[in-house]
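Visitor: Number 12 in numbering that gives the first Met the number 0 belongs to position 13 of the sequence shown; there are no gaps in the numbering.
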Amino acid sequence: MGNKRFEFGKNWKNYLDNLSDEQIKEAEKSLRQWFGVKNLEGKSFLDIGSGSGLFSLAARNLGARVFSFDYDKNSVGCTKYLKHKFYKGDKLWQVEQGDILDKTYLSKFEKYDIVYSWGVLHHTGHMYQALQNAGDLVADNGILFIAIYNDQGSMSKMWKIIKKTYNDLPGALRGFISVPFFIALWGGRCAKDILRGTPFVTWKAYVKKRGMSPWTDAVDWVGGYPFEVAKPEEIFDFFHERGYSLEKMMTKQGGNGCNQFVFVKRS
Ligand SMILES: C[S@@+](CC[C@H](N)C(=O)[O-])C[C@H]1O[C@@H](n2cnc3c(N)ncnc32)[C@H](O)[C@@H]1O
Numbered sequence: 000m001g002n003k004r005f006e007f008g009k010n011w012k013n014y015l016d017n018l019s020d021e022q023i024k025e026a027e028k029s030l031r032q033w034f035g036v037k038n039l040e041g042k043s044f045l046d047i048g049s050g051s052g053l054f055s056l057a058a059r060n061l062g063a064r065v066f067s068f069d070y071d072k073n074s075v076g077c078t079k080y081l082k083h084k085f086y087k088g089d090k091l092w093q094v095e096q097g098d099i100l101d102k103t104y105l106s107k108f109e110k111y112d113i114v115y116s117w118g119v120l121h122h123t124g125h126m127y128q129a130l131q132n133a134g135d136l137v138a139d140n141g142i143l144f145i146a147i148y149n150d151q152g153s154m155s156k157m158w159k160i161i162k163k164t165y166n167d168l169p170g171a172l173r174g175f176i177s178v179p180f181f182i183a184l185w186g187g188r189c190a191k192d193i194l195r196g197t198p199f200v201t202w203k204a205y206v207k208k209r210g211m212s213p214w215t216d217a218v219d220w221v222g223g224y225p226f227e228v229a230k231p232e233e234i235f236d237f238f239h240e241r242g243y244s245l246e247k248m249m250t251k252q253g254g255n256g257c258n259q260f261v262f263v264k265r266s
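(1) Which two residues bound the contiguous beta strand (DSSP E) that contains G196?
(2) Assuming contact is defined by CB atoms lying nearer than 8 Å, are F66 and A26 in contact in what I supplied?
(3) Output yes or no for whether 8 Å exceeds the beta carbon distance between A267 and F180.
(4) Which runs of the beta strand (DSSP E) fall wholly inside the segment 40–98 and span at least 3 residues, in chain order?
(5) Quick one: is A26 near chain B, going by C-beta distance under 8 Å?
(6) Please list, in chain order, all residues of the same chain as F34 whose beta carbon is under 8 Å from its beta carbon, the five residues on each side excluded.
(7) Going by DSSP, what residue range makes up the alpha helix (DSSP H) through S153?
(8) Just reading off the beta strand (DSSP E) that K247 is part of, what are its end residues?
(9) At the level of alpha carbons, what is the spacing between L245 and P169?
(10) So, for F238: in the same chain, excluding its five sequence neighbours on each side, which residues have a beta-carbon less than 6 Å away from its beta-carbon?
(11) Note down the Cα distance separating I193 from T250, rounded to an integer number of angstroms.
(12) Quick check: the Cα distance between S19 and K28, rounded to an integer number of angstroms?
(13) What do you reckon, is the C-beta of D219 under 7 Å from a heavy atom of ligand 1?
(14) Any contact of the segment 72–91 with the segment 45–52, i.e. 3+ C-beta pairs under 8 Å?
(15) Thinking C-alpha only, which one of L61, G222, V206 and N258 is nearest V228?
(16) Can you tell me which of the three DSSP states S19 falls into?
(17) Might you give, ordered along the chain, the residues of its own chain that have their beta carbon closer than 6 Å to the beta carbon of G242, omitting 5 neighbours on each side?
(18) Determine the closest residue to H122 out of E240, G222, G41 and A138, with distance taken between C-alpha atoms.
(19) Just to check my reading of the structure: Y111 and S43 have Cβ atoms closer than 8 Å, yes? What is that Cβ distance to the nearest angstrom?
(20) State the DSSP-derived secondary structure class of S177, mapped to helix, strand or coil.
(21) Just curious, the alpha helix (DSSP H) that L105 is in, first and last residue?
(22) Does DSSP put N258 in a helix, a strand or coil?
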């Protein structure tokens, strides 16, 4: 038993089995809304920690030239699966295994118009180095879109222990943590919706938000380790000091989950 990493890719594999056109469209909509554009024609898009590959696919569908990499070989497999399914042989979408902490690996990269790293950099074990490295890949006047876990003080410390315990357990026993968590999270919401006469309305709204699946996200949350957190102002200060302007932000307002930021790198 040691400092095991959560195997994100295995979780994404189950998710892709049920990926719908609607979820893909929602992912595209999320990108269009965050960047305030109709499409990404003529833009280069780097997806760091591409996971399922859904947002790489969405960016490619919107016309961007896409490069995706992920540390986890199963995540890479998932992204390659989506590429093969929708863009077989396409030269404008590349996928490979890579580590945002590996400076030698990163040295081959050009600068990108958009660097997208949603829910990734806090899972590297060295979040601030990862933030720096991701920012270094953004072109002048380019965009950096990141989502970083909100710092909830003692709650975050407790979650770190739960996540570490989850990863230290043998696979067969992990359901003893993830299933009760999922029921606690969704049981109340679903019961309320049924009582209001609007069954599954919250569930459907969740899927619509980023095209994600509640179960995959719940397992991802419980298992996601290494795990670091930051207050919104810490992320703002970090990039502000390095010459980035904050364009858009959505925080969890003290709650659980990721604060999202769109920065522009000033030339
Ligand atoms: C929560 S998932 C997010 C996936 C995707 N960005 C999304 O929005 O759905 C985090 C991903 O970050 C990847 N990751 C973790 N550490 C990494 C690193 N050092 N370099 C690149 N990817 C990493 C994981 O393998 C995983 O696929």
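Where a beta carbon is used, it is the ideal one built from N, C-alpha and C, also for glycine.
Guide: Well, looking at it:
(1) No beta strand (DSSP E) holds G196; DSSP gives it neither H nor E.
(2) no
(3) The structure shown does not extend to residue 267, since the chain is modelled only from 0 through 266, so no value can be given for it.
(4) 43–47, 64–69 and 92–96
(5) Judged by its chain identifiers, the structure shown contains no chain B, having just a single protein chain.
(6) I113, I142, F144 and V261
(7) S153 to D167
(8) Y243 to M249
(9) 42 Å
(10) F262
(11) 29 Å
(12) 14 Å
(13) yes
(14) yes
(15) N258
(16) coil
(17) R265
(18) G222
(19) 5 Å
(20) helix
(21) K102 to L105
(22) strand
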